[in-house]
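In mature numbering (1 follows the signal peptide of the UniProt record, and there is no 0), the protein residues as written are -19 to -1, 1 to 474.
Positions of the beta carbon are idealized from the N, C-alpha and C atoms, including for glycine.
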Amino acid sequence: MRGKLVLGLLIALTSVAVADEKGAERAFERAKRTEPELIAFLKRVPKGGDLHNHASGAYYTDGMLDAAIQQGLFFDPATSRFGTDSTKVPAKNLLTNNALLYQFLNAASMRGWTGEAQSGHDHFFETFGIFGGALNAVPEEEFFAEVIGRAKRQNLQYMELMAGPSPSDALNEYFKDTPSSADMARALDILRPRLEKLLTATTKNLDEREKLAARIGQRSFTSADEPMTVRWVYSINRLASADSFFANAAAGIFLAAREPRVCAMNMVAPEDHPLSRQNFESQMRMIDFLWRNLGKPNLTLHGGELTTAISPPDAMRDRIRKTIEIGHAKRIGHGVSIAWEDDLDGLFDEMRKLGIAVEICLTSNASILGVSGDRHPLRLYRANGIPVFLNTDDEGVSRSTMTLEWVRAVRDQGMTYRDLKEMARNSIEYSFLPGRSLYEGRNYAQLAGPFQGARAPGWKQTAEAEQMLRASEKMRVQLRLERAFVAFESKYP
Ligand SMILES: [Zn+2]
């Protein structure tokens, strides 16, 4: 009885002391009226993580042009690319030649894409072949400062960035005389000593990269104690030859298992390409073999970035299921074609049991696949209890930002303020940060013991809380997100 009284009193105290979500909710409802009001409101809301971000696609072409001018590159009007051939047009001439200026900016991003001459899918994927020369001119510290700094300024706490963690000379060395993948065990034996060398070079490279964090006012990119915490994702190309794919997957899986700052491997390139479709099963078997033999690290894989406009329906019957069952993906990138999967209820059951989350990329899906509004499966996932969260995919190419992904989730998908908060929490809960969660049983209403008052403005950390935080990087970032919500919402009494 006495216990019950104490408990009742505690609950009463807690509910009084918790920051008032309702004030922020009301402000959100008012802001929904127009897009600028919604942008102004949402850009300040704490957003959690961006876990699906191809760093090269995140850099705006405008900055690439600045770098091409600074580095004295030349523009080839026939290919829309920048290079060092001095018989072509000096980069600075584009500033006084609007035709060439817009030719580059439009060819290298979705800027100016009207959908009349070319599909969004084709235009999007062509940009990557075009902007490479100009992007290479961007100094590394500039590149990371823009991509990571932009997320930090929009109140994100965390990123898993697909930015190659290994230096190119070490990769060239690693890929010399790639062994035949016909005998996977033998190929892996040959690669093992090279993997150790690649790891050493990668660790050194990432140590160097940490120093660039000074540009965003941090001591490190990857520390869980800085306002923005980053992890690197190793990407492999699904259009590569079998031997090269195998060696690259071995590198990605090995590094993800051994270098804590490399949190996962992903695979990139258009999933609808005939080679992606033809090689899908053999690539999944390679990943399965390597994953079992190299320490079973976390994997997040693009799966189901498909529609019938670009893929035969049969290819969509088990793409997501096999990416999970054979490819060991803990998260699925896009998952747009989910409705076409065989035994969909069974698949949802399995995803719930395994805790598989889906990385939703609304702007990307709208421009590449033409999927938006009620053609998008975001609500299908939510209705079936599958954790989802918002990501930018390629914000530079798409001319978007994380804030605009949130705007789209509200205006195009009808998400509420509470839905958005839930997705922000999902993005850290289903991140690959190590350590135990701040929440009990993935229930966000239930904070772990010493954190039960952590949603109150005046909460003070106890010694017990501090000890738990020291043991879990995930918990540190989750607590940072919760405290950011408190600070944000306390402005809306
Ligand atoms: Zn992607």
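Beta-carbon proximity of residue i to residue j, cut-off 8 angstroms
i, j, result
"Leu179", "Tyr155", "yes"
"Asp57", "Asp66", "yes"
"Gly316", "Gly284", "yes"
"Pro146", "Trp213", "yes"
"Phe227", "Ala168", "yes"
"Thr288", "Ser257", "no"
"Gly314", "Glu340", "yes"
"Asn34", "Asp374", "yes"
"Ala238", "Thr281", "no"
"Leu371", "Ala347", "no"
"Glu403", "Tyr425", "yes"
"Gln394", "Arg360", "yes"
"residue 476", "Glu16", "Any question about residue 476 goes unanswered here, given that the chain covers just -19 to 474."
"Glu207", "Arg200", "yes"
"Met265", "Lys303", "yes"
"Ile367", "Phe329", "yes"
"Arg62", "Ile111", "yes"
"Thr384", "Leu32", "no"
Residue i - partner residues in DSSP beta bridges
i, result
"Pro71", "Phe55"
"Glu421", "Asn424"
"Ala49", "Paired residues: none, contrary to the question."
"Leu280", "Met246"
"Ser216", "Asn247"
"Tyr139", "Gly30, Thr210"
"Ile111", "Answer is none; Ile111 lacks a bridge partner."
"Arg62", "Asp57"
"Asp374", "Asn34"
Residue span of the alpha helix (DSSP H) that contains residue i, given as start and end
i, result
"residue 476", "Here the chain covers residues -19 to 474 and nothing more, so residue 476 does not appear."
"Leu23", "16 to 23"
"Leu385", "383 to 392"
"Gly354", "Gly354 -> no alpha helix (DSSP H), and no H or E assigned at all."
"Ile307", "From DSSP, Ile307 is part of no alpha helix (DSSP H); its letter is neither H nor E."
"Leu462", "454 to 470"
"Glu447", "444 to 451"
"Leu76", "Run containing Leu76: none; DSSP gives neither H nor E here."
"Gln259", "255 to 274"
"Val128", "121 to 134"
"Glu10", "2 to 12"
"Ile197", "Unbroken run through Ile197: none, as it is neither H nor E."
"Asn186", "165 to 192"
"Asp326", "325 to 335"
"Leu350", "That residue, Leu350, is in no alpha helix (DSSP H); it is neither H nor E in DSSP."
"Ile234", "223 to 239"
"Asp150", "149 to 155"
Top-ranked residue by Cα proximity to residue i, from the options
i, options, result
"Leu142", "Ala168, Ala132, Ala151, Ser149", "Ala132"
"Ala5", "Thr397, Asp375, His102", "Thr397"
"Arg242", "Gly395, Lys157, Pro415, Tyr83", "Pro415"
"Glu252", "Arg436, Met383, Ile291, Pro474", "Ile291"
"Ala405", "Gln138, Ser61, Gly130", "Gln138"
"Thr60", "Val70, Lys334, Pro160", "Val70"
"Val211", "Met140, Asp150, Glu240, Leu86", "Met140"
"Gly130", "Gly198, Gly53, Ala364, Gly110", "Gly198"
"Pro293", "Trp321, Tyr411, Gly354, Arg380", "Trp321"
"Ala435", "Leu187, Arg457, Ile268", "Arg457"
"Ala12", "Arg423, Trp440, Arg392", "Arg392"
"Ala338", "Phe261, Val369, Gly354, Gly110", "Val369"
"Tyr362", "Leu23, Gln264, Arg333, Glu376", "Arg333"
"Ala205", "Gln459, Ala465, Pro474", "Gln459"
"Asp103", "Gly366, Leu401, Ile349", "Ile349"
"Phe235", "Leu271, Gln259, Asn247, Arg266", "Leu271"
"Gly377", "Thr108, Gln99, Leu75", "Thr108"
"Gly53", "Ala8, Asn117, Asn87, Ile20", "Asn117"
"Ser162", "Glu121, Ala221, Glu240, Asp188", "Ala221"
"Asp188", "Pro174, Glu240, Asp224", "Glu240"
"Thr181", "Pro474, Ala151, Glu191", "Ala151"
"Glu191", "Lys185, Phe202, Thr184", "Phe202"
Whole-Å CB distance - residue i paired with residue j, under 8 angstroms assumed
i, j, result
"Thr344", "Glu286", "The pair is not a contact, with the Cβ atoms about 13 angstroms apart (cut-off 8 angstroms)."
"Val128", "Ala39", "5 angstroms"
"residue 490", "Ala36", "Nothing about residue 490 can be read from this structure; the chain reaches only from -19 to 474."
"Asn279", "Phe413", "4 angstroms"
"Ala250", "Asn218", "5 angstroms"
N-terminal and C-terminal residue of the beta strand (DSSP E) that residue i is part of
i, result
"Val317", "Val317 -> no beta strand (DSSP E), and no H or E assigned at all."
"Ala89", "Segment: none, Ala89 is in no beta strand (DSSP E) and carries neither H nor E."
"Ile341", "338 to 341"
"Leu371", "369 to 371"
Any chain B beta carbon closer than 8 angstroms to residue i
i, result
"Met404", "Chain labels in this structure do not include chain B; a single protein chain is all it has."
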